[in-house]
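Per full-length UniProt numbering, residue 1 is the first one in the sequence shown, and the count goes up by one each step. We treat Cβ as the ideally placed atom computed from N, Cα and C, and that holds for glycine. Here's the structure, in structure tokens; my notes come after.
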Amino acid sequence: MGFINNAKANEATRVATEAYSAGRQILVFKIIEASSSHRHTGLMAGVGEQIEAIEAQGWILDRMAGVEGKALTGERTALICLFRRR
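Here's what the structure looks like:
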């Protein structure tokens, strides 16, 4: 998966675990795509791994919205994901 994507999935796991342990019912998490080929159809690097990491902690993806914009290194896609407890 790659070092950066592993680190992002680990952070998603940490945040999801803390929110679940705190009894939260909703978790809103921003995922920024690792790939810079935003104009092409294809795999969004690291996104699925982060969603899987959060769902593995007892959450279910309920809604998602996406937006494109500039980041420090160029164009990126950000996904705002709303998860609910199982």
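Asked	Found
Verify whether the separation of the beta carbon atoms of E52 and A9 is less than 9 Å.	yes
So, at 6 Å on beta carbons, what are the nonlocal neighbours of V28 in its own chain, with the 5 sequence-adjacent residues on each side left out?	L82
Cutting at 6 Å between CB atoms, please list the residues of its own chain near I80, excluding the five before and the five after it.	K30 and A65
What is the DSSP secondary structure of E33, counted as helix, strand or coil?	coil
Provide the residue span of the alpha helix (DSSP H) that contains G48, from first to last.	V47 to E55
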